[in-house]
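Numbered per mature numbering (1 follows the signal peptide of the UniProt record, and there is no 0), the sequence shown spans residues -19 to -1, 1 to 155. Quick reminder that beta carbons are idealized off the backbone N, C-alpha and C, glycines included.
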Amino acid sequence: MTKKTILFLALLVSVTLSCKTKKKVVQTTPVPIEKPAGDTELDNIKKDLPESQVERTNAGIKFTFSSEILFPTNSSYLNEGSKKSIADVAKVLKQKDPNRQILIEGHSDKTGTAKYNQWLSEKRAVSVKNYLVSLGINGNRIQTSGLGDTQPIADNKTKEGRLKNRRVEVTLLK
């Protein structure tokens, strides 16, 4: 090949590669993004259970019951008056996806030994589970856990704080 042929081919390749095709510009209309709606599941539950302490957590929807409402002091037997509160929650749990799991956690204050508090918190969680099962909730959906005094939400040095720490939480898991 001659120098002229090589130069011609190089020029041809460079011109071919440097050519750009004209791109067609398509104008799109922006689609408005709706603001995220509120937590309708939680809102509906709060509407159905206005007197209950209900909140959304990372785990799911949590119902919290003060231990004094549910149980006599140092007991895991449900008060007769507490059964209505649990029955109201059972109605909500029945309406939700029957495959969603439920976690029941019992808590105590620091009064007494850690071993006793652990035992009592476990028994209280199981009592709530048994009552929910008696109301028609499938027991296979329910896990129980006793956490004793390991997760206080208030100061154990005051009567009010100890009262808040004695509780049972029922969580409808995600």
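Sequence-distant residues of the same chain with beta carbon closer than 6 Å to Lys155, five excluded per side: Gly41
Alpha-carbon spacing of Asn137 relative to Arg147, whole angstroms: 10 Å
Where His88 sits in the DSSP three-state scheme: coil
Closest by C-alpha distance to Gly93, when choosing among Thr54, Ile50, Leu23 and Glu22: Thr54
CB contact flag (Glu103, Gly87, <8 Å): yes
Cβ contact check for the segment 62 to 82 and the segment 106 to 117: 3 or more pairs under 8 Å: As far as the Cβ criterion goes, the segment 62 to 82 touches the segment 106 to 117, which means the pair count is three or higher.
For Ile83 and Thr152, believed in contact at Cβ under 8 Å, the rounded distance: With 8 Å as the limit, Thr152 and Ile83 qualify as a contact, their Cβ atoms being about 7 Å apart.
Distance CB(Ser47)-CB(Leu101) smaller than 8 Å: no
Ranges of the alpha helix (DSSP H) found wholly within the segment 48 to 86, counting only runs of at least 4: 48 to 51 and 63 to 76
With 16 other Cβ atoms within 10 Å as the buried cut-off, status of Asp20: Its Cβ having fewer than 16 others within 10 Å, Asp20 is exposed.
Neighbourhood of Gln34 by C-beta, 6 Å cutoff - its chain only, sequence neighbours within 5 removed: Thr45
Helix, strand or coil at Gln132 [DSSP, three-state]: coil
Residue of Lys77, Lys27 and Ile26 minimising C-alpha distance to Arg122: Lys77
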